[in-house]
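Colleague: Take 210 as the starting number for the sequence shown in my numbering and just add one per residue. Take a look at this one; I'll ask things after.
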Amino acid sequence: MLLTNYQTDSFYDEMFSEEGGIRQSYHILKSRIEGMDDKELLKRKASAEKALLSLGITFNVYGDEEEEERIMPFDIIPRIVTSFEWKKMEEGLKQRIRALNLFIQDIYGDEKIIKDGVIPAEIVYSSSGYLKECKGIKPPKGIWIHITGTDLVRDGDGQMLVLEDNLRCPSGVSYVLENREVMKKTFPELFASLSVRPIYDYPIRLRGMLEHLSDKPNPNIGVLTPGIYNSAYYEHSFLASRMGVPLVEGTDLTVRDDKLYMRTTKGLKQVDVLYRRIDDTFMDPKAFRKDSLLGVPGIFEVFKKGNVALANAPGTGVADDKVIYSYVPDFIKYYLGEDPIIPNVPTYLCSREKDLKYVCENIGNLVVKAANGAGGYGMIIGPVASEKEKEEFVEKVKADPRNYIAQPVLSLSRIPTLIEDKLEGRHVDLRPFILYGEEIYVMPGGLTRVALRRGSLVVNSSQGGGSKDTWVMG
């Protein structure tokens, strides 16, 4: 039996309690696994991988000459979240998105939060995500953040914490939707016996949110992709197809008379709403990076004049800055008058002299990250780094303290994961997806990313991570 010799070790395990008992939400899953012989479970794993392979769910790894395009590894043991747990997560995420939207609106508007001393002006203005060109802009319906993927982790005590926010071009939702379809075929009897909340309607809700941004009754919508070589191109194509809207590149669009048009076989067609999957500064060579070949010359001016809605709005990347992340609990208190429902991970700001001294002296016990790093790059995990790596990273931090933060090494929660022919605990995080339109909607579930390498805390697919389906109980 695969579960017989399973070890939780000293970590918080989401399936088993510290005493070795099964958590209530996993009872039926455990019974089902124990009702199969090992060969049957491995057969279902192989069948699920074959299904994903046939779907062509891939991502690109930049700088990997041997294998640029990869299939996302998938584990068939799901993560199960109780309705009670989910209710608190959902409320916390909605609270966070409201506060972040008000913060972005404020810093490009009256700057009250800066004037009131809640966050230093230099922290905001020095962020690579802050765009001075967005000053004074008012996006449609006052919404800046339309699609968010917020990364959550559970620590060694089982407490859920916010690890980081992803507001520019959050990716991964296509894996969530495809994983669910594969799991329905892998464990059909489990779906029949468990009340798992559905997620199939996400593309419908996404389209509805985009339509809400326009005052036209049937607005023309497009998904803007950088092209086939982008790491998330599969997802861009997937979402456009599921929403029933065109997938376009910069060369498919043109600006005429302060309006945005799409080139079609029947001539030019005005675009009212554009879901962009391209970073801010590559969006318009006239307004930002002059060397960008991916964007649309003049599109930013069209947006400023209110003739096209862009999701997410330009300038939202300022809240992806990990230094600004550390102030989000203050934003929640300042704008909403509430305490955070989901707290941040304790964070040291290297721009503070006291914190910098502590980080440099204790780097061996910390995770140190670049303020705008992503994908598991630009960071060091002190306990597993060599002395030379730690020394070199300290010098990087000292040379540019504003752009580094540090956090304690968390004992991330683990979930049983099928590794070759046995079940072993692997560390996980969770990325729920949130849509902000007429109301805020949190997809019930999200992308559970799993660190497949033994002992690894890095869950990113580019660093050898995989994914699991996330089941929220009804």
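Glycine included, each C-beta is placed from N, C-alpha and C at the ideal position. Small disclaimer: the values here were computed from a predicted structure and weren't measured.
Where does residue 373 sit, in a helix, a strand or coil, going by DSSP?
Modeller: Position 164 of the sequence shown holds residue 373. Strand.
Colleague: Restricting to runs no shorter than 4 residues, where is the alpha helix (DSSP H) found entirely within the stretch 512-556?
Modeller: Here the runs fully enclosed are 531-534, 537-540.
Colleague: Given this structure, state the Cα-to-Cα distance separating residue 633 from residue 215, to the nearest angstrom.
Modeller: By one-based count along the sequence shown, residue 633 stands at place 424. By one-based count along the sequence shown, residue 215 stands at place 6. So the alpha carbons of these two residues sit roughly 6 Å apart.
Colleague: Look at the alpha carbon of residue 522 and the alpha carbon of residue 252, and state the distance between them as a whole number of angstroms.
Modeller: Your numbering for residue 522 matches position 313 in the sequence shown. Your numbering for residue 252 matches position 43 in the sequence shown. Computed Cα separation, rounded: 45 Å.
Colleague: To the nearest angstrom, report how far apart residue 367 and residue 221 are at their CA atoms.
Modeller: Within the sequence shown, numbered from 1, the residue matching residue 367 stands at position 158. Within the sequence shown, numbered from 1, the residue matching residue 221 stands at position 12. The alpha-carbon atoms of residue 367 and residue 221 are separated by roughly 6 Å.
Colleague: Counting pairs of Cβ atoms below 8 Å between the stretch 574-592 and the stretch 623-640, do you hit three or more?
Modeller: The stretch 574-592 is not in contact with the stretch 623-640.
Colleague: Spatial neighbours of residue 680 within its chain, please: CB distance less than 6 Å, with the 5 preceding and 5 following residues excluded, ordered by chain position.
Modeller: Sequence index remark: in the sequence shown, residue 680 carries index 471 (1-based). Result list for residue 680: 287, 289, 405, in chain order.
Colleague: When we look at the beta-carbon of residue 333 and count the other beta-carbons within 10 Å, is it buried (16 or more) or exposed?
Modeller: The residue given as residue 333 occupies position 124 in the sequence shown. By the neighbour-count rule (16 or more Cβ atoms within 10 Å), residue 333 is buried.
Colleague: Just mark residue 293 as buried or exposed, buried being the case when its beta carbon has 16 or more other beta carbons within 10 Å.
Modeller: Here residue 293 refers to the residue found at position 84 when the sequence shown is read from its first residue. When all chains shown are included, residue 293 counts as exposed.
Colleague: Suppose you measure from the CA of residue 608 to the CA of residue 548; what does that come to, to the nearest Å?
Modeller: Working through the sequence shown from its first residue, we reach residue 608 at position 399. Working through the sequence shown from its first residue, we reach residue 548 at position 339. Roughly 35 Å separates the two Cα atoms.
Colleague: Could you tell me which whole beta strand (DSSP E) segments of length 3 or greater appear in the stretch 259-338?
Modeller: The qualifying runs are 267-269, 278-280, 283-290.
Colleague: If you check the beta carbons only, do residue 684 and residue 550 fall under 8 Å apart?
Modeller: Limits of the chain in this structure are 210 at one end and 683 at the other, which puts residue 684 out of reach.
Colleague: Below 8 Å, can you find three or more Cβ-Cβ pairs linking the stretch 307-325 to the stretch 241-255?
Modeller: Taking 8 Å as the limit for Cβ pairs, the verdict is that the stretch 241-255 does not touch the stretch 307-325.
Colleague: Write down the C-beta distance between residue 531 and residue 580 rounded to the nearest angstrom, noting that I regard them as a contact closer than 8 Å.
Modeller: If you number the sequence shown from 1, residue 531 lands on position 322. If you number the sequence shown from 1, residue 580 lands on position 371. Confirmed, Cβ separation roughly 5 Å.
Colleague: Do the stretch 324-341 and the stretch 572-579 meet, that is, are 3 or more Cβ pairs less than 8 Å apart?
Modeller: Counting Cβ pairs under 8 Å, fewer than three are found: no touch.
Colleague: If you reduce the DSSP assignment to three classes, tell me which class residue 603 lands in.
Modeller: As a working mapping, residue 603 is identified with position 394 in the sequence shown. Residue 603 falls in the helix class under three-state DSSP.
Colleague: Quickly, what does DSSP pair residue 358 with across the bridge? List them, please.
Modeller: Position 149 of the sequence shown, counted from the first residue, corresponds to residue 358. Residue 358 is bridged to 642.
Colleague: According to the neighbour-count rule (16 or more other Cβ atoms, all chains shown, within 10 Å of its Cβ), is residue 658 buried or exposed?
Modeller: What you label residue 658 is simply residue 449 of the sequence shown in a count that begins at 1. Buried, by the Cβ-count rule.
Colleague: Rounded to whole angstroms, how far is the Cβ of residue 525 from the Cβ of residue 643, which I believe are closer than 8 Å?
Modeller: Along the sequence shown, read from residue 1 onward, the residue named residue 525 stands at position 316. Along the sequence shown, read from residue 1 onward, the residue named residue 643 stands at position 434. The pair is not a contact, with the Cβ atoms about 13 Å apart (cut-off 8 Å).
Colleague: Suppose the cutoff is 8 Å on Cβ atoms and the five residues either side in sequence are ignored; what does the same chain contact list for residue 610 look like?
Modeller: For the purposes of this step, residue 610 is identified with residue 401 of the sequence shown, where counting begins at 1. Answer for residue 610: 559, 560, 565, listed in chain order.
Colleague: Thinking C-alpha only, which one of 392, 537, 411 is nearest residue 403?
Modeller: Indexing the sequence shown from 1 puts residue 403 at position 194. Measuring from the Cα of residue 403, the nearest candidate turns out to be 392.
Colleague: How would you label residue 502, buried or exposed, when you count the other beta carbons within 10 angstroms and need 16 or more for buried?
Modeller: The sequence position of residue 502 within the sequence shown is 293, counting from 1. Answer is exposed; the Cβ neighbour count stays below 16.
Colleague: Tell me the rounded alpha-carbon separation between residue 271 and residue 228.
Modeller: As a first step, residue 271 must be located in the sequence shown, where it is residue number 62. As a first step, residue 228 must be located in the sequence shown, where it is residue number 19. Confidence in residue 271 is poor, its pLDDT being 48 and thus under 50, which makes the residue's placement unreliable; the coordinate value appears in the next sentence. Roughly 44 Å separates the two Cα atoms.
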